[in-house]
Amino acid sequence: MAAPTPVPTSTIEVFEADLTAVLDAAKNELDVKKRETKAARALVRQATRRRRHQHIRKTAASVAATAPRAVFYTLALVGITIASVALVLLAIGSTAAAITLFTVAGAAWGMGAVVRR
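If you read the sequence shown in this note's numbering, its first letter stands for residue 43, the second for the next number, and so on.
Following this line, the structure appears as structure tokens:
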């Protein structure tokens, strides 16, 4: 069997230097990829946050536009109900209670008119 050929020391040093350079380049590339990934994730979070805030603003605007109308109709319904009870009390003969309830019904209708403006 033939004896292995001895490798000169300078060849090993060159190989080691090349390997170190390759490993350093790979490490630098990994660091660059990590920074790019971090930046991309930040952009995704920013876009998601922006979309969420737009949705919240849109929903809040919709509720703000609908709420006064709902309050107006509720107050109008309360006023009609109280006025109906006052008419029944007038028919029974309880005039003092009926007058008080007409005042309350008028107040409900007045608040509804203020809300509608």
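A virtual CB, placed ideally from N, CA and C, is assigned to each residue, including glycine.
Item to check | Counted within 10 angstroms of its Cβ, other Cβ atoms place A128 as buried (16 or more) or exposed | outcome: The C-beta of A128 has 16 or more other C-beta atoms within 10 Å across all chains shown, which makes the residue buried.
Item to check | Which listed residue (A140, T123, A138) has its alpha carbon closest to that of W151 | outcome: Of A140, T123, A138, the smallest CA-CA separation from W151 is found for T123.
Next on the checklist: Below 8 angstroms on the Cβ atoms is my contact criterion, and I expect G154 with A118 to pass it. Report the Cβ-Cβ distance as a whole number of Å.
Outcome noted: For a cut-off of 8 angstroms, the C-beta gap from G154 to A118 is around 5 angstroms, short enough to register as a contact.
Checklist entry - Just to confirm, are G121 and A147 a CB contact at a threshold of 8 angstroms? => result Yes, the pair counts as a contact, with Cβ atoms nearer than the cut-off.
Next on the checklist: In chain order, what are the residue ranges of uninterrupted alpha helix (DSSP H) at least 4 long that sit wholly in the region 53-116?
Outcome noted: If we require 4 residues or more, the region 53-116 turns out to have no alpha helix (DSSP H) run fully inside it.
Checklist entry - At what residues does the alpha helix (DSSP H) containing S159 begin and finish? => result Looking at the sequence provided, one finds Arg at residue 159 rather than Ser. R159 -> no alpha helix (DSSP H), and no H or E assigned at all.
Item to check | Collapsed DSSP secondary structure at G248 in the structure displayed | outcome: What is shown of the chain runs 43 to 159, which leaves residue 248 out entirely.
Checklist entry - Sorted by chain position, which residues of the same chain lie with C-beta nearer than 8 angstroms to D33's C-beta, five sequence neighbours on each side aside? => result This structure gives no information on residue 33, because the portion of the chain shown stretches from 43 to 159.
Next on the checklist: Would V157 and V113 qualify as a contact pair, given that the criterion is a beta-carbon distance under 8 angstroms?
Outcome noted: For the pair V157 and V113, the CB atoms are nearer than the 8 angstroms cut-off.
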